[in-house]
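Scroll down for the structure; my scribbles are underneath it.
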Amino acid sequence: MNRFHLNHLKLRDKLLLMYMLCVLIPIVMTNVFFLGVTTNNIRSQKIRDADFAFQQLQREFRAVIDEAAGISYLFYTDSVLNEHLDHTYVTRIEYVDAFNTTEMRGVFNKSEQAYRTIQAAVVYTDNPTILASGSIQPLTDAVKEQGWYGKFAQTKASYPVLIHDGGKISMVKRLDYLQGGSYSHMIKIDLKMDTIAELFANTGFDGDAYVLDPQRMVRFTNNKSVDWKTGTVALESLALPDKSISFTKTYENNNYLNGWSLYGVMDEKVMLQDVIKSRSFVIYLACINFLLPSLIIAAISRSIHVRLVRILKHMKKVKHQNFLAIEGEQARDEIGQLTGEFNRMTERINNLINDVYVADIQKKDLEIKQRQAQLHALHSQINPHFLFNALETIRMRSLIKGETETAKTIRYMAQIFRKSISWSRDWVTVREELELIQCFLEIQKYRFGDKLQYQITVDDAAYDVIIPKMSLVPFVENASIHGIESTPGIGLITVQIGFAEQRLVFRLTDNGIGMAPDKLAEIMAYLQADDEIGDHVGMKNAYYRLKLCYKDAFDFHILSEEGKGTSIELRLPLHV
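The UniProt record's numbering applies: residue 1 is where the sequence shown begins, and numbers increase by one.
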């Protein structure tokens, strides 16, 4: 008879047995026991937390009341205020002057320290010589008819009295610090109810809290269903939950808060609703944990382990760029399909790395080298081009007149030549570019004489802007050679450099022969064509260099009218 051994059990049976003995039964038993213990612990903890939060609320509410009482005592002991209230003023001007004194203005600044808890502080007096002036009001019959005054008149207390009236809680105190005064005075300090509401809203107490006066009437509550502002709601008239936990905090040893109390109510069902929900959740979870895993384990345990481990090993090899295929017969289930897809994926990744990525790097490298070669070709073409034009101009003028001005022109030509042959810097300032432009225009003036006039206007801030070297000179050359040379009258070239829309703007205008629309369209198409330059120089070279440097970040526009001249505008970004 064969002995029982775990190695003889199928993987499905092993997993099922292990699951029931080690997971399902212990979890169910533990959850039942833990739920009971947790319910009691949570209830006790929530009661302790609620009691602590309620004590904190009691202290904070008392602090608000104490702060108002402290302000009333500041007014009570203020000698300036007492003398002002007991003084009999002969004229209104005398009262106004006394009220506007620095000492009197400082009296009512005492309440500014409690601006968060006090809505208003008003002094009432029966002194007939005192005028109504903001914080000091006469004690008229209309005031005496108000509810708060009637409640206060029933008391003879010398300490501040806490009174609820009209949805507000006020602190009222007699101002009889000066014995034997001729008049009676009192101060009424209204608490800011928004601050009290915010105090109750921000408390950690998760139930309904009520402020009760000595008659157990509700004077404030965070329960929105209770209309406490009417002042007629008693605590006994409230509908409390069947299973509720109550908290009572009574204020003692405090004159103005004696008999007042805080009453809190928490619904036990609401407090423990999360725990109650978890009871049914434990039952549902136990059923799911037993049925679903058992079926899944029995169905798939036989065929998943070995092949998954094999796939995992090959995936770890891929991390080190070892793209070996998984050998063996491919099954037709999901793991078999996963194996086949893994083989195809590794093969494709390997091909992409070898073919596409490497080829793309080589292509990019060739494009960069081609761009650099084109840029060097542009440099080598532009230099002799300008030198040739300058020498031709000097030659023609010298043959015609033989003037000594040739020396001056040669100096300009030397400056152009010296700057143009040095390409150690591809970028220069606008100031340096303008020096080339001015030298070139002076040479052209030598050539054309009085027939050529030019004007250069530059914004001071534009002089130090960096631009590609000799990027503006070719356009000036084109304007003088092709625009002014054939015009019968005096030619005027205007150069303007400034800023617009956070860009450097170069505007070149001439009154030359201009161009027909078809000719203008042909030139624009030629400039924008992405073909090889060959032996062409001038505007095409300059445009292509700007395109190499700025990509599509610069704007180029030509406006021309036949017989009236041409205008060229370049807008270059300030930062490259």
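Backbone N, C-alpha and C fix where the C-beta goes; we use that ideal spot for every residue, glycine too.
When burial is assigned at 16 or more other CB atoms within 10 Å of the CB, is glutamate 347 buried or exposed?
-> When all chains shown are included, glutamate 347 counts as exposed.
To the nearest angstrom, report how far apart glutamate 94 and histidine 185 are at their CA atoms.
-> Approximately 20 Å between the Cα atoms of the pair.
Count the other C-beta atoms from every protein chain shown that fall within 10 angstroms of the C-beta of glycine 449, then say buried if there are 16 or more, exposed otherwise.
-> Per the 10 Å Cβ criterion, exposed.
Going by the beta-carbon positions, is the gap between glutamine 438 and threonine 494 smaller than 9 Å?
-> no
Taking the alpha-carbon positions, what's the glutamine 321 to glutamate 334 distance?
-> 25 Å
Is the region 251-270 close to the region 192-200, with three or more CB pairs under 8 Å?
-> no
Leaving out five residues before and five after leucine 6 in sequence, what residues of the same chain have Cβ atoms less than 8 Å from its Cβ?
-> Lys14
Cutoff 6 Å; reference valine 23; Cβ partners in own chain excluding five residues on either side | none
CB of threonine 429 within 9 Å of CB of aspartate 464, strictly | yes
Can you pull the DSSP bridge partners for valine 172?
-> Val161, Lys188
Does the distance from the CB of glycine 491 to the CB of glutamine 528 come in under 9 Å?
-> no
Could you tell me the distance, in whole angstroms, from the CA atom of arginine 571 to the CA atom of isoleucine 368?
-> 26 Å
Does the beta-carbon distance from residue 589 to proline 474 come in below 9 Å?
-> There is simply no residue 589 to check, as the chain begins at 1 and stops at 576 in what is shown.
Look at the alpha carbon of lysine 469 and the alpha carbon of glycine 512, and state the distance between them as a whole number of angstroms.
-> 26 Å
Contact check, phenylalanine 152 vs valine 172 under 8 Å by CB: the rounded distance?
-> Yes, phenylalanine 152 and valine 172 are in contact; Cβ-Cβ is about 5 Å, under 8 Å.
Where in the region 44-117 do unbroken runs of the alpha helix (DSSP H), each at least 4 residues long, occur, reported from the N-terminal end onward?
-> 79-86, 92-99, 102-107, all fully within the region 44-117.
Supposed contact pair phenylalanine 99 and serine 72 - C-beta distance, whole angstroms, cut 8 Å | Their Cβ separation, rounded to whole angstroms, is 21 Å, which puts serine 72 and phenylalanine 99 out of contact at 8 Å.
Leaving aside the five residues before and after lysine 46 along the sequence, list all residues of the same chain whose C-beta is less than 6 Å from its C-beta, in chain order.
-> Met271
Taking all protein chains shown into account, do 16 or more other C-beta atoms lie within 10 angstroms of the C-beta of valine 32, making it buried, or fewer, making it exposed?
-> Its Cβ having fewer than 16 others within 10 Å, valine 32 is exposed.
Can threonine 125 and glutamate 67 be called in contact, C-beta distance under 9 Å?
-> no
Along the chain, where does the alpha helix (DSSP H) that runs through lysine 249 open and close?
-> From DSSP, lysine 249 is part of no alpha helix (DSSP H) but of the beta strand (DSSP E) over 244-250.
Take the Cβ of residue 592 as the centre, count every other Cβ of all protein chains shown within 10 Å, and call the residue buried at 16 or more, exposed below.
-> The shown model of the chain, from 1 to 576, leaves out residue 592, and the question about it has no answer.
From what residue to what residue does the alpha helix (DSSP H) around glycine 150 run?
-> 147-153
In three-state terms, what does DSSP make of aspartate 555?
-> strand
Terminal residues of the continuous alpha helix (DSSP H) containing tyrosine 526?
-> 517-528
Counting Cβ pairs closer than 8 Å, one from the region 199-211 and one from the region 52-66, do we hit at least three?
-> yes
Can you name, in chain order, every residue of its own chain whose Cβ lies under 8 Å from the Cβ of residue 597, other than the five neighbours on each side?
-> It is not possible to answer for residue 597, since the shown part of the chain is limited to 1 through 576.
Measure the alpha-carbon distance for alanine 157 versus aspartate 176 and round it to whole angstroms.
-> 11 Å
Isoleucine 349 classed as buried or exposed, judged by whether at least 16 other C-beta atoms fall within 10 angstroms = exposed
Specify the secondary structure class of serine 480 as computed by DSSP and reduced to three states.
-> helix
Buried versus exposed, by CB contacts within 10 Å (16 or more), aspartate 535 = Residue placement at aspartate 535 is flagged as unreliable, the pLDDT there being 39, under the threshold of 50; a coordinate-derived value is accordingly withheld.
Sequence-distant residues of its chain with Cβ nearer than 6 Å to threonine 88 (five each side left out) | Thr129
Rounded C-alpha distance that separates methionine 266 from isoleucine 189 | The alpha-carbon separation between methionine 266 and isoleucine 189 amounts to approximately 33 Å.
Starting from the Cα of proline 214, find the closest Cα among Val226, Leu235, Thr221 and give me that residue.
-> Leu235
Grouping DSSP H, G and I as helix and E and B as strand, with all else coil, what is arginine 344?
-> helix
In chain order, what residues of the same chain have a beta carbon less than 8 Å from the beta carbon of lysine 564, not counting five sequence neighbours either side?
-> Asn511, Gly514
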